[in-house]
Amino acid sequence: MNRLRRTLLGALAVLLARPFAALAAWNENAFGAKTPQDALKGIGAASSTPSKDIVIEAPQIAENGAVVPIEITSNIPGTSSLAVVLEKNPFPLAAKFDFKEGALPFVKLNVKMAETSDVRVVATASGRHYSASREIKVTIGGCGG
Amino acid sequence: MAGPMKMRATLVGGTTAGAGGTTEIRVLMTHPMTTAQSGQALHFIQNISVKQNGKTVIESEISQAVSRNPVFSFRIKGGAKGDKIEVGWLDNKGETNKIEGVVA
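Protein chains in written order, with the working numbering: chain L, 260 to 404; chain Y, 6 to 109.
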């Protein structure tokens with residue numbers, strides 16, 4: 260009897276935990292990586308082809324590293340995801356966006372930068388990876404925020 | 006603490022329903038986005054989803070490197086005035102929030 264109850268409770272716990280787990284997909288491996296290379300490996304984009312069709316708009320000099328605006332557009336047909344890597348941050352991978360049917364491969368966001376660094380954007384289209392990077396100079400680092 | 010969200014969704018370029026325009030979404034999330042470097046407890050949004058009329062169009066994973074009180078802009082091809090847009094987030098402590106609005 261007791262064992263049956265435990266089994267039922269266990270099954271109930273699994274059912275309750277399920278939707279949350281489905282929602283909480285977060286690539287700990289890639290986001291926990293401490294080098295840009297490991298971060299890119301973590302998202303399955305260890306190698307990429309340089310591309311001029313990824314447009315990164317950002318200030319050349321960011322006075323405040325706590326809020327650095329970055330706008331990204333991919334003009335590569337079929338772009339399904341964009342990853343933002345801040346090369347000299349303690350954890351370089353800042354964000355990854357997956358675009359489904361209907362969404363345009365565009366995003367604007369604000370990030371924290373520890374120091375002057377290249378910002379690398381990796382776009383994935385039809386299973387292939389493309390990248391572009393741009394240097395942003397930071398006067399005051401923003402990782403204490 | 007995680008506070009309210011704000012969102013604006015507008016149809017740009019198109020005249021009436023689905024006429025080649027772009028739906029522009031701008032969303033603000035109130036969240037501390039603290040890093041371990043700050044000496045505070047690590048507390049940051051990890052997942053963001055954008056839905057158009059109930060269908061997920063953008064899914065994102067972010068790190069503590071996104072600035073405090075994150076602001077994002079997204080774009081959806083086409084769309085029409087009155088479309089329902091929903092943006093939700095989930096953080097590393099399991100807190101969630103979402104906002105729903107219509108395209109103007």
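For every residue, glycine included, the Cβ atom is placed at its ideal position computed from N, Cα and C. Since we're looking at a predicted model, the values are computed, not measured.
With fewer than 16 other Cβ atoms from the protein chains shown falling within 10 Å of its own Cβ, alanine 46/Y counts as exposed. Taking a C-beta distance under 8 Å as the contact criterion, lysine 367/L and serine 78/Y qualify as a contact pair. Counted as a single uninterrupted DSSP element, the beta strand (DSSP E) harbouring asparagine 323/L occupies residues 320 to 323. Boundaries for leucine 95/Y: no alpha helix (DSSP H) harbours it, while the beta strand (DSSP E) harbouring it runs 89 to 96, taken from the DSSP string.
DSSP places phenylalanine 49/Y in the coil class of the three-state scheme, outside both helix and strand. Residue environment for threonine 398/L: exposed (fewer than 16 other C-beta atoms within 10 angstroms of its C-beta). In this chain, the alpha helix (DSSP H) harbouring lysine 300/L covers 295 to 301. Interface flag for threonine 27/Y against chain L is set, since a Cβ pair is found closer than 8 Å.
For the pair serine 54/Y and alanine 354/L, the CB atoms are not nearer than the 8 Å cut-off. Threonine 101/Y and serine 72/Y have their C-alpha atoms spaced approximately 18 Å apart. At least one beta carbon of chain Y lies nearer than 8 Å to the beta carbon of glycine 361/L.
Per DSSP, alanine 304/L lies in no beta strand (DSSP E) and is assigned neither H nor E. The C-beta separation of aspartate 312/L from glutamate 64/Y comes to about 23 Å, leaving the pair out of contact by the 8 Å criterion. Residue nearest to glutamate 91/Y within the set Gly99/Y, Lys82/Y, Ile81/Y and Glu105/Y is Glu105/Y (criterion: CA-CA distance).
The three-state secondary structure of alanine 354/L, taken from DSSP, is strand. Residue contact check for glutamate 105/Y against chain L: no CB pair falls below 8 Å. Straight-line measurement puts the Cα of glutamate 330/L at about 22 Å from the Cα of valine 108/Y. Residue pairing for glutamate 100/Y: DSSP places it in no beta bridge.
Counted as a single uninterrupted DSSP element, the stretch harbouring alanine 292/L is not any alpha helix (DSSP H), since DSSP gives it neither H nor E. When only Cα atoms are considered, threonine 294/L and proline 309/L end up about 19 Å apart.
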